[in-house]
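**Q**
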Amino acid sequence: MENTTIKRILIAGSGQVGSEIGFYFAARGLDVVMYDVSQGSLESSHERHGQFATALAAEGWWGTVSPAETLSRLTYETDLAKAAVDVDLVSESVTEAIDVKRKTYEGLSIHCPAKTIFTSNTSTMLPSQIAAFTDRPERFLACHVARPIWARPMFEIMPHPGTDAGLVDEIVAFSRRMGLVPILIAKEHAAYISNSLIASFVTTGLDLVARGVASFEDVDRVWMIGTAMEMGPIGMVDMMGIGTVYNALSHMAEHGGRTELLPIVTYLKENFVDQGKLGVASGQGFYRYPDPAFRHAEFLK
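What follows is the structure in structure tokens.
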């Protein structure tokens with residue numbers, strides 16, 4: 021049976037990832053409230069949404085409602101009590117820091133109705149770690165997206181041992197209704213399937229650059245020529261967000277015993293994060309945007 025109970029979504033965290041997720045669900049006909057403690061972040065999210073609508077309308081619209089209706093379904097709120105009213109599902113994309121996650125879910129537990137499903141787009145943490153911060157662990161699971169979600173439409177669904185089995189079925193049905201391919205992760209694994217596959221070549225590419233073995237351009241050229249892919253590992257870091265990659269690698273190094281990643285973490289912090297060069301979202305990372313060099317035909321010559 022098609023799931024129709026999820027109609028209103030709260031996106032916790034209005035950065036690049038949260039903004040993309042919120043826009044996608046609004047374009048699929050849901051009402052979406054973007055929540056963030058920062059008014060400035062919400063204003064940036066609102067601006068991004070306008071840019072998404074313009075660019076995607078020009079490329080070929082894929083939503084089930086028009087670009088104009090999509091934008092009308094998006095609202096923005098710094099007051100969690102107001103944002104949480106009548107919400108059916110929360111999709112959380114706040115900073116990958118355990119204290120930030122804890123504070124976010126403690127607030128959501130207070131203000132969201134009992135019916136609300138909690139989901140996290142965390143890239144590094146196990147759902148069982150986060151579930152403990154909620155008042156409804158049985159209604160919590162991780163739901164991870166690829167970016168941008170409209171170009172890579174899949175939903176990696178990862179329950180924890182305490183997640184209600186019926187909820188998993190509900191989220192699988194919701195995923196299909198939203199035009200997303202559901203990928204069920206049968207056992208908790210912090211990097212999902214996608215990040216596990218991506219991490220190996222991204223971290224190897226970053227390691228080569230951080231150690232001065234090769235330029236970031238040549239690392240990408242080798243991958244793009246060798247695999248015929250449109251983007252190399254360093255371009256992918258820019259797309260995912262250097263801040264996101266930095267936080268993920270920091271967590272893996274500090275809490276996952278991956279101390280070999282520390283030189284990469286230091287390199288990213290000193291050369292990019294501290295300078296506000298965060299990739300596509302900030303207009304500059306390894307490459308400059310919106311017209312990165314690797315998009316030009318001469319890049320591979």
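This note's numbering runs 20 ahead of the 1-based position in the sequence shown. Backbone N, C-alpha and C define an ideal beta-carbon position, used for all residues, glycine too.
Just how far apart, CA to CA, sit Phe45 and Val233?
**A** Position 25 of the sequence shown, counting from 1, holds the residue named residue 45. Position 213 of the sequence shown, counting from 1, holds the residue named residue 233. Near 42 Å, if we compare the C-alpha coordinates of Val233 and Phe45.
**Q** Counting only the same chain and skipping the five closest in sequence on each side, list residues whose C-beta sits under 7 Å from that of Tyr307.
**A** Taking the sequence shown and counting its residues from 1, the one referred to as residue 307 is at position 287. Taken in chain order, the residues that qualify are Gly255, Asp258, Ala313 and Phe314.
**Q** In three-state DSSP terms, what is Met244?
**A** In the sequence shown, counting from the first residue as 1, residue 244 sits at position 224. Helix at Met244.
**Q** Comparing alpha-carbon positions, which option in Thr183, Asn291, Ala301 and Gly276 lies nearest Gly261?
**A** Position 241 of the sequence shown, counted from the first residue, corresponds to residue 261. Cα-wise, what sits closest to Gly261 is Ala301.
**Q** Taking just the CA atoms, how far does Ile29 sit from Asn23?
**A** By 1-based counting over the sequence shown, the position of residue 23 is 3. By 1-based counting over the sequence shown, the position of residue 29 is 9. Residue placement at Asn23 cannot be trusted, given a pLDDT of 44 that sits under 50; what the coordinates show is reported in the next sentence. If you take the alpha carbons of Asn23 and Ile29, they lie about 14 Å apart.
**Q** Taking C-beta to C-beta, are Thr136 and Val107 nearer than 7 Å?
**A** The residue labelled residue 136 in the question sits at position 116 within the sequence shown. The residue labelled residue 107 in the question sits at position 87 within the sequence shown. Taking 7 Å as the Cβ cut-off, Thr136 and Val107 qualify as a contacting pair.
**Q** What's the gap between the Cα of Pro310 and the Cα of Ala75?
**A** Taking the sequence shown and counting its residues from 1, the one referred to as residue 310 is at position 290. Taking the sequence shown and counting its residues from 1, the one referred to as residue 75 is at position 55. Each residue's Cα considered, the two are about 12 Å apart.
**Q** With the cut-off set at 7 Å, would you say Ser113 and Thr154 are in Cβ contact?
**A** Position 93 of the sequence shown, counting from 1, holds the residue named residue 113. Position 134 of the sequence shown, counting from 1, holds the residue named residue 154. No. Outside cutoff.
**Q** Per DSSP, Ile203 forms a beta bridge with which residues?
**A** The count along the sequence shown starts at 1 and reaches residue 203 at position 183. Paired residues: Glu176.
**Q** To the nearest angstrom, how far is it from the Cα of Ala185 to the Cα of Met178?
**A** Residue 185 sits at position 165 when you count from the first residue of the sequence shown. Residue 178 sits at position 158 when you count from the first residue of the sequence shown. Roughly 11 Å between the two C-alpha positions.
**Q** Look at the alpha carbon of Gln59 and the alpha carbon of Lys289, and state the distance between them as a whole number of angstroms.
**A** Taking the sequence shown and counting its residues from 1, one reaches residue 59 at position 39. Taking the sequence shown and counting its residues from 1, one reaches residue 289 at position 269. Answer to the nearest angstrom: the Cα atoms are 25 Å apart.
**Q** Between the alpha carbons of Val165 and Gly38, how many angstroms are there, rounded?
**A** Taking the first residue of the sequence shown as position 1, residue 165 is located at position 145. Taking the first residue of the sequence shown as position 1, residue 38 is located at position 18. Roughly 10 Å separates the two Cα atoms.
**Q** Evaluate Gly70 with the Cβ neighbour count: other Cβ atoms within 10 Å of its Cβ, from every protein chain shown; 16 or more gives buried, anything less gives exposed.
**A** Residue 70 sits at position 50 when you count from the first residue of the sequence shown. When all chains shown are included, Gly70 counts as exposed.
**Q** May I have a chain-ordered list of the beta strand (DSSP E) segments no shorter than 3 residues that lie completely inside the segment 25-56?
**A** Complete beta strand (DSSP E) runs here, min 3: 28-32 and 51-55.
**Q** Using 10 angstroms around the beta-carbon of Gln295, count the other beta-carbons present and answer buried if the total reaches 16, otherwise exposed.
**A** Your numbering for residue 295 matches position 275 in the sequence shown. Per the 10 Å Cβ criterion, exposed.
**Q** Below 8 Å CB to CB, which residues in the same chain sit around Met231 once its five sequence neighbours on both sides are set aside?
**A** Taking the first residue of the sequence shown as position 1, residue 231 is located at position 211. The sequence shown places Arg at residue 231, rather than the Met named in the question. Only Pro283 meet the Cβ criterion.
**Q** Quick one: what's got a C-beta closer than 7 Å to Leu281's C-beta in the same chain, skipping five residues either side?
**A** Along the sequence shown, one-based indexing puts residue 281 at 261. Hits under 7 Å: Thr223, Leu269, Met272 and Ala273.
**Q** Whole beta strand (DSSP E) runs in the segment 135-197 with 3 or more residues, listed along the chain?
**A** As far as the segment 135-197 is concerned, its whole beta strand (DSSP E) runs of at least 3 residues are 137-140, 160-165 and 174-178.
**Q** Considering only residues of the same chain and omitting the five flanking positions on each side of Lys27, which have a CB-CB separation below 7 Å?
**A** Counting from 1 along the sequence shown, the entry for residue 27 is found at position 7. Counting only Cβ-Cβ distances below 7 Å, and skipping sequence neighbours, we find Leu50, Asp51 and Asp108.
**Q** Which residue's Cα is closest to the Cα of Pro173: Val293, Ala151, Glu40 and Thr95?
**A** Your numbering for residue 173 matches position 153 in the sequence shown. For the residues Val293, Ala151, Glu40 and Thr95, the minimum Cα distance to Pro173 belongs to Glu40.
**Q** Under DSSP, the alpha helix (DSSP H) around Tyr125 begins and ends at which residues?
**A** For this step, residue 125 is matched to residue 105 along the sequence shown. Segment Ile118 to His131, the alpha helix (DSSP H) holding Tyr125.
**Q** Buried or exposed: Leu298, going by 16 or more other Cβ atoms within 10 Å of its Cβ?
**A** Residue mapping note: residue 298 aligns to position 278 of the sequence shown, counting from 1. Looking at its Cβ environment, which holds 16 or more other Cβ atoms inside 10 Å, Leu298 is buried.
**Q** Which of the three DSSP states is assigned to Gly263 in this structure?
**A** Translated into the one-based positions of the sequence shown, residue 263 becomes position 243. In this structure, Gly263 counts as helix in the three-state DSSP scheme.
**Q** Curious, which full-length alpha helix (DSSP H) runs of at least 4 residues does the segment 82-119 contain?
**A** For the segment 82-119, whole alpha helix (DSSP H) runs of length 4 or above, ordered along the chain, are 87-92 and 100-103.
**Q** Report the residue from Met251, Trp82 and Phe72 whose alpha carbon sits nearest the alpha carbon of Leu91.
**A** To locate residue 91, count along the sequence shown from 1; it is residue 71. Closest option to Leu91, Cα to Cα, is Phe72.
**Q** If you draw a straight line from the C-alpha of Asn291 to the C-alpha of Gln304, how long is it?
**A** Counting from 1 along the sequence shown, the entry for residue 291 is found at position 271. Counting from 1 along the sequence shown, the entry for residue 304 is found at position 284. Between Asn291 and Gln304, the C-alpha separation is close to 12 Å.
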